[in-house]
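For reference, the structure is listed below as structure tokens.
Residue numbers (my numbering), protein chains in the order written: chain A, 2 to 116; chain B, 494 to 604.
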């Protein structure tokens with residue numbers, strides 16, 4: 002399909018392990034976002050990319066979290082030394098990136114469970 | 494500090510009733526206010542959006558009411574249907590590409 006694709010859809014890992022979550026945005030979308038949604042909670046902003054650069058990474062909760070985007074397309078969110086409080090659904094969204102024209106297209110998320 | 498405050502956290506409405514979800518913000522630089530709808534296991538999807546130059550926008554059964562002076566906006570779902578049962582998020586942005594989301598409202602429309 003032509004939507005935002007995220008993988009894996011589900012990931013169970015042990016505390017202390019590193020995990021990588023992948024996001025493949027809609028073709029031509031220059032802006033890419035990562036959000037975290039904990040059980041029953043709202044959408045917590047993590048990081049925003051415009052092209053390959055990340056003008057706003059203010060939402061990353063700790064230095065265990067990092068993200069990169071290559072070729073202005075695929076993005077990877079890496080969580081090192083996972084903790085139980087990292088358990089959540091990680092949502093990726095993309096948009097055309099024009100100033101404030103709105104629509105974010107979300108993927109279905111990667112559900113991370115840290116045991 | 495939460496940039497956008499949303500209430501209620503959950504809402505139960507009978508089929509055919511009106512569902513109302515409210516949001517408030519502080520940053521007067523915000524100039525775009527979308528609402529997103531999320532079904533279980535899916536990502537949020539844009540439902541309807543408004544800019545502060547109008548006080549109301551209607552699309553089908555969904556209406557956004559915007560009160561600039563009070564810095565509040567709300568979503569009204571008329572003739573609510575069981576298929577509207579979902580989590581609704583309000584959001585705001587300010588001419589950048591950063592969006593601030595409310596905490597969400599879980600709507601349950603009973604048949």
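Glycine is no exception: its CB is placed at the ideal position from the N, C-alpha and C atoms.
- Residue 560/B and residue 534/B have their alpha carbons spaced roughly 33 angstroms apart.
- With its beta carbon at least 9 angstroms from every one in chain A, residue 561/B lies outside the interface.
- Its chain contains 500 and 567 as the residues whose beta carbon lies nearer than 6 angstroms to that of residue 515/B, once the 5 sequence neighbours on both sides are disregarded; these appear in chain order.
- Annotation: residue 604/B has no Cβ neighbours in chain A at a cutoff of 8 angstroms; minimum Cβ distance is about 24 angstroms.
- A Cβ-Cβ distance of about 5 angstroms is found for the pair residue 35/A and residue 78/A, placing them in contact under the 8 angstroms criterion.
- Taking a beta-carbon distance threshold of 9 angstroms, residue 25/A does not count as an interface residue toward chain B.
- Around the beta carbon of residue 531/B, a 10 Å sphere encloses 16 or more other beta carbons of the protein chains shown; the residue is thus reported as buried.
- In this model, residue 604/B and residue 512/B are separated by some 14 angstroms (Cα to Cα).
- Annotated three-state conformation of residue 575/B is helix, per DSSP.
- Contact of residue 591/B with chain A by beta-carbon distance below 8 angstroms involves 46, 49 and 57.
- Taking the Cα of residue 558/B as reference, the smallest distance to any Cα among 536/B, 576/B and 583/B is reached at 583/B.
- Below the 8 angstroms Cβ cutoff, chain B contributes 499, 582, 594, 595, 596 and 597 as neighbours of residue 43/A, in chain order.
- In the structure shown, residue 519/B adopts coil according to DSSP, grouped into three states.
- Separation of residue 10/A and residue 112/A (C-alpha to C-alpha, rounded to the nearest whole angstrom) is 6 angstroms.
- DSSP places residue 21/A inside the beta strand (DSSP E), whose first and last residues are 20-25.
- Within the same chain, 587 come within 6 angstroms of residue 522/B by CB-CB distance, once the 5 residues on both sides are set aside.
- Beyond the five residues adjoining it in sequence on each side, residue 550/B comes within less than 6 angstroms, by CB distance, of 543 and 557 in the same chain, given in chain order.
- Cβ contact annotation for residue 547/B (same chain, cutoff 8 angstroms, sequence separation greater than five): 559, in chain order.
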